[in-house]
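Following: one structure in structure tokens, then a few remarks.
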Amino acid sequence: MSQDASPTVEQSRLAETPLQPFSPRLAPCLALHKAVSWLLVVLALTWMPLGESELLAWRVWLVAGAAGLGALGVALAWCEARRRAYALREHALVQRRGLLVQRLQALPLARLQHIETRSNPLERCFGLVRLACFTAGGRSADVVLEGLSPASADALKQQLLARLHANAEETSA
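Take the sequence shown: its letter number 123 is residue 123 in UniProt numbering, and every next letter is one higher.
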């Protein structure tokens, strides 16, 4: 009977492991990225050559609609970034993301093959780093943790590498 109770206790303990939020600088970083993207759309609609087209009369409404959608996109990006969280559990790396459609993604540590850190220029301006985790058989990263501070990304990477080496030693023994 003790064997049946053990997995239940383990599962409940892992389910209770709190998720850690990403850096608070992630929200303004993603919002600025979204704002620049929508600004390009608005500028394209503003300067689009229409000549004598019937759309010329609707240009103001097209630009206003695109600007409104852009503002909504920026607000949603900000809110979604504030809800993102992650946790390093005993046997998995877990990430929660999404606002309207929420996704909980778990990467079993036994499948982890490679870890790297990345950052684009905008992320570097905000002092943020991405941690990309790869498994065998894929070209792209299976889990990408965006919005980590460089110190927390390095600490998490070291923890993952230590567990990766421990798993490798267990399988070889």
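Beta carbons: idealized from backbone N, C-alpha and C, even for Gly.
Non-local beta-carbon contacts of Pro150 in its own chain, meaning distances under 6 Å to residues more than five positions away in sequence, involve Val129 in chain order. Out of Ala87, Gln159, Pro108, Asp154, the CA that lies nearest to the CA of Phe134 is found in Pro108. Positions of the alpha helix (DSSP H) runs, each at least 4 residues long and wholly inside the UniProt domain "YdbS-like PH" (82 to 160), are given as 121 to 125 in order along the chain.
In the DSSP assignment, Ala31 falls within the alpha helix (DSSP H) that extends over 26 to 47. When DSSP reads this structure, Pro21 sits in a beta bridge with Ala85.
Just so you know, the alpha carbons of Gly137 and Phe22 end up roughly 28 Å apart. Residue environment: Arg84 is assigned as buried (16 or more neighbouring CB atoms within 10 Å of its CB, all protein chains considered). From the listed residues Trp78, Ala106, Val42, the smallest Cα separation to Leu93 is found for Ala106. The way I'd put it, the segment 62 to 75 does touch the segment 39 to 53; three or more beta-carbon pairs between them come closer than 8 Å. Glu123 counts as buried, since no fewer than 16 other beta carbons sit within 10 angstroms of its beta carbon. The alpha-carbon separation between Ala162 and Pro28 amounts to approximately 33 Å.
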